[in-house]
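Participant:
Numbering (this note's numbering), first residue to last: 2 to 308.
(1) Provide the residue span of the alpha helix (DSSP H) that contains residue 201, from first to last.
(2) For the putative contact between residue 273 and residue 190, defined by C-beta atoms under 8 Å, what is the C-beta separation to the nearest angstrom?
(3) Apart from the five residues just before and just after residue 253, which ones in its own chain have a Cβ nearer than 8 Å to its Cβ?
(4) To the nearest angstrom, how far is it from the Cα of residue 135 to the Cα of residue 149?
(5) Taking the alpha-carbon of residue 194 as reference, which of 145, 157, 13 has the nearest alpha-carbon?
(6) Under a Cβ-count criterion, where at least 16 other Cβ atoms within 10 Å of its own Cβ denotes burial, should residue 29 be classed as buried or exposed?
(7) Which value, in whole angstroms, describes the spacing of the CA atoms of residue 241 and residue 169?
(8) Assess, as a yes-or-no matter, whether the region 103-117 is touched by the region 83-95 under the definition of 3 or more beta carbon pairs within less than 8 Å.
(9) Is the beta carbon of residue 166 sitting closer than 8 Å to the one on residue 266?
(10) Evaluate contact between the region 285-297 and the region 227-236, counting only Cβ atoms and requiring at least three cross-stretch pairs below 8 Å.
(11) In three-state DSSP terms, what is residue 106?
(12) Name, in chain order, the residues that DSSP records as bridge partners for residue 37.
(13) Is the distance from the Cβ of residue 35 to the Cβ of residue 24 below 8 Å?
(14) According to the Cβ coordinates, are residue 103 and residue 68 closer than 8 Å?
(15) Could you have a look at residue 150 and say whether DSSP puts it in helix, strand or coil?
(16) Which of the three DSSP states is assigned to residue 280 in this structure?
(17) Answer yes or no: do residue 141 and residue 251 have a C-beta to C-beta separation smaller than 8 Å?
(18) Any idea what DSSP makes of residue 25, helix, strand or coil?
(19) Quick one: grab the DSSP three-state call for residue 9.
(20) Considering just the uninterrupted stretch of the beta strand (DSSP E) at residue 1, what are its terminal residues?
(21) Cβ atoms of residue 6 and residue 164: under 8 Å apart, would you say?
(22) Tell me which residue opens and which closes the beta strand (DSSP E) that residue 232 is part of.
(23) How big is the Cα-Cα spacing for residue 217 and residue 211?
(24) Could you check the C-alpha separation between residue 173 and residue 256 for me, to the nearest Å?
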């Protein structure tokens, strides 16, 4: 197999299913194609913990489209993983088996810790070569990963069952965005994430980076409010939270540029970001392009001795 053969990674997340195609060139990852579809599997777990049939079919249809896009990539160069929603779903084996058949490669159900490790690798691979201490936060649909390391070296990684989709369903029902909803959501998130604070006491960091769609969506909303692109600051985040609470409902959102698929979960995402900023004493966070799918692709390249 040529060392320049393309690789594909697929992240079956709680909010979106994401595809990344790239190849290694002189030890660096060159991105060739990226695709994202908002499927929102995380909002389709019923009271018994089963993934609803309609959501399962939406996910499988997405994977059929992705399979067509990667039809020329060898099966050995494909890697697909499922995360928190499938970790919770009692009927996950049905989905995983069907997904593996569609993609012609095994879809792995990975642990939260492994997810966090690959997120850190993917994020730092696209950052400058610096020996800075880095805190990486990924707020997903049903889980949040928190990692700390120096440069490309990971020191600590953990995953917590709290995410924008789950928090939107729990604290912002029917599109409500009341100030009291935010207060309850932030307090509950801090309780879940408290163990991370204890774990991070032994690590210092100089820069904070945000991965995943939540950080990106908040950053874009802030940019439309006049803030610098790709940056979330504590004062701007507080201002955004206040604007949402003043609107009171997602149907009355004043934010230009906010995609329709983000609106139903914006309360969950902003409340979680506020909780993280408060709990860890963060003043600013930079949004990065690297993510789980980048780390997964790099791990595949390493296993194939392409790097």
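Note that the Cβ used here is the ideal one computed from N, Cα and C, for glycine as well.
Facilitator: Result, derived from the coordinates:
(1) For residue 201, the enclosing alpha helix (DSSP H) begins and ends at 180-201.
(2) Going by Cβ atoms, the distance from residue 273 to residue 190 rounds to 5 Å, so yes, they are a contact pair.
(3) Cβ contact annotation for residue 253 (same chain, cutoff 8 Å, sequence separation greater than five): none.
(4) So the alpha carbons of these two residues sit roughly 6 Å apart.
(5) Its Cα nearest to that of residue 194, the residue 145 stands out among 145, 157, 13.
(6) The residue in question, residue 29, is exposed, as its Cβ has fewer than 16 Cβ neighbours within 10 Å.
(7) The straight-line gap from Cα to Cα measures roughly 16 Å.
(8) Yes, since at least three Cβ pairs between the region 83-95 and the region 103-117 fall closer than 8 Å, the two stretches touch.
(9) In this structure, the beta-carbon distance from residue 166 to residue 266 falls below 8 Å.
(10) Counting C-beta pairs closer than 8 Å gives three or more between the region 285-297 and the region 227-236, which meets the contact rule.
(11) DSSP, read as helix, strand or coil, puts residue 106 in coil.
(12) DSSP output for residue 37 lists 19 as bridge partner(s).
(13) No, the Cβ-Cβ distance between residue 35 and residue 24 is not below 8 Å.
(14) Pairing residue 103 with residue 68 gives a Cβ-Cβ distance under 8 Å.
(15) Strand, per DSSP.
(16) Three-state DSSP puts residue 280 in a helix.
(17) No, they are not a contact pair.
(18) If DSSP states are grouped into helix, strand and coil, residue 25 belongs with the strands.
(19) Residue state, collapsed to three classes: strand.
(20) No answer is possible for residue 1: the residues shown for the chain start at 2 and end at 308.
(21) Between residue 164 and residue 6, the gap from beta carbon to beta carbon reaches 8 Å or more.
(22) In the DSSP assignment, residue 232 falls within the unbroken beta strand (DSSP E) covering 232-234.
(23) Their Cα atoms are separated by approximately 8 Å.
(24) Using only the alpha carbons, I get a separation of about 18 Å.
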